[in-house]
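Visitor: Under this note's numbering, residues 854 to 1115 are what the sequence shown spells out, in order.
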Amino acid sequence: MTPTKLLGIPENFAEHGGGVDHLIDVVHYFMAALFVGWTLFFFYCCFRFWCRRNKKASYQGVQSHVSTHLEIGVVIVEAIMLLGFAFPLWTERTDRYADIQQQDPVRIRVIGYQFAWNYHYPGADGKFGRIDRHLIQTVGDPCIDPADPNGWDDYTSPVLKIPVGRPCILQVTSTDVIHNYAIVPMRIQQDAMPGKDIPMWFRPIQKLETYVVCAQLCGEGHANMRGIMEVISEGAYDSWEAEQSAGASERNKAKEPGLAQQ
Ligand code: CUA
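1. Can you check whether the CB of D1001 is closer than 8 Å to the CB of D978?
2. Skipping 5 residues on each side, what residues in its chain have a beta carbon closer than 8 Å to that of E1042?
3. Assess contact between the region 886-899 and the region 907-918, defined as three or more Cβ pairs (one per stretch) separated by less than 8 Å. Is contact present?
4. Report yes or no: do the region 955-974 and the region 1009-1019 share at least 3 C-beta pairs separated by less than 8 Å?
5. Can F968 be considered in contact with the ligand CUA, in the sense that its beta carbon sits closer than 7 Å to one or more heavy atoms?
6. If you draw a straight line from the C-alpha of Q1115 to the C-alpha of K1106, how long is it?
7. Quick one: any contact between the region 867-874 and the region 1056-1070, if contact means 3 or more CB pairs under 8 Å?
8. Helix, strand or coil for Y1064? Go by DSSP, reduced to three states.
9. Taking C-alpha atoms, which residue in G1088, Q954, P1038, Y1090 lies nearest to V1066?
10. According to DSSP, is P1057 helix, strand or coil?
11. Using the C-alpha atoms, what's the distance from W970 back to P1011?
12. Excluding the 5 residues preceding and the 5 following A1095 in the sequence, name in chain order all residues of the same chain whose CB lies nearer than 7 Å to its CB.
13. Taking the beta strand (DSSP E) that E1083 belongs to, which residues open and close that run?
14. Quick one: Cα of E1083 to Cα of D985, how far?
15. For M1078, verify whether its CB is less than 7 Å away from any heavy atom of the ligand FAD.
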């Protein structure tokens, strides 16, 4: 029984999630060791510096340099952890982004607003329309420039649908305040900031229907700011995408009389 299982973490559905759970376990074991060590030290001090054993306070205090050496030791250990473990792990994660781009990823923009999520899909052509944030009409608006042909088959959805097995790159943003887009079963989260599209990526390994939540206090409706995510089969995703994209193209042609003749 590992600490993550014991504390009831939701089941993992992402390719990289096992590593995250392992790290959470390691941190819990480390904290348990620190807790036991410091508790023993506390009781030792209570006993060692009891007033009945030490009638008079020492005006010199500690004379040896042991504590200085210990502090230098702590600095060295922390430097090893940062340079030897944290930096290489982060490098691996960021280097993989280049790989992921080659593996036919699904790309979706996630737009947070008070208090829900909106998703902007690039449509059948795989290209997002040009984004111009000055065109904002309403909260959660993806701000697609209607003049850009790449955007004519783009569509939006209040539910995140992604295919199982393919890598997924989400570009996270916001139209009002800072939110945080979190998918616990995918072991991933990212701040949603106005004016920025920040990528996060993962690969779902099983079909699933779950909630996505906001993990940053963002106003009175924060607790209700959750949405639905569906990981579906590749075939179901392709047909849904084709249908939505064709619908968006139709609507845009109807709006633009010049296009209907093409
Ligand atoms: Cu959005 Cu909390």
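Even glycine gets a Cβ: it sits at the ideal position worked out from N, Cα and C.
Guide: Quick answer:
1. no
2. Correcting the residue type first, residue 1042 is Gln in the shown sequence and not Glu. Contacts found: N1033, Y1034, A1035, I1036, M1053, A1068.
3. no
4. Yes, the region 955-974 is in contact with the region 1009-1019.
5. yes
6. In this prediction, Q1115 scores a pLDDT of 43, lower than 50, which makes its location untrustworthy; the coordinate-derived value is nonetheless stated afterwards. Roughly 9 Å separates the two Cα atoms.
7. yes
8. strand
9. P1038
10. strand
11. 6 Å
12. A977
13. 1079-1085
14. 29 Å
15. Only the ligand CUA can be found as ligands here, which leaves the ligand FAD out of the picture.
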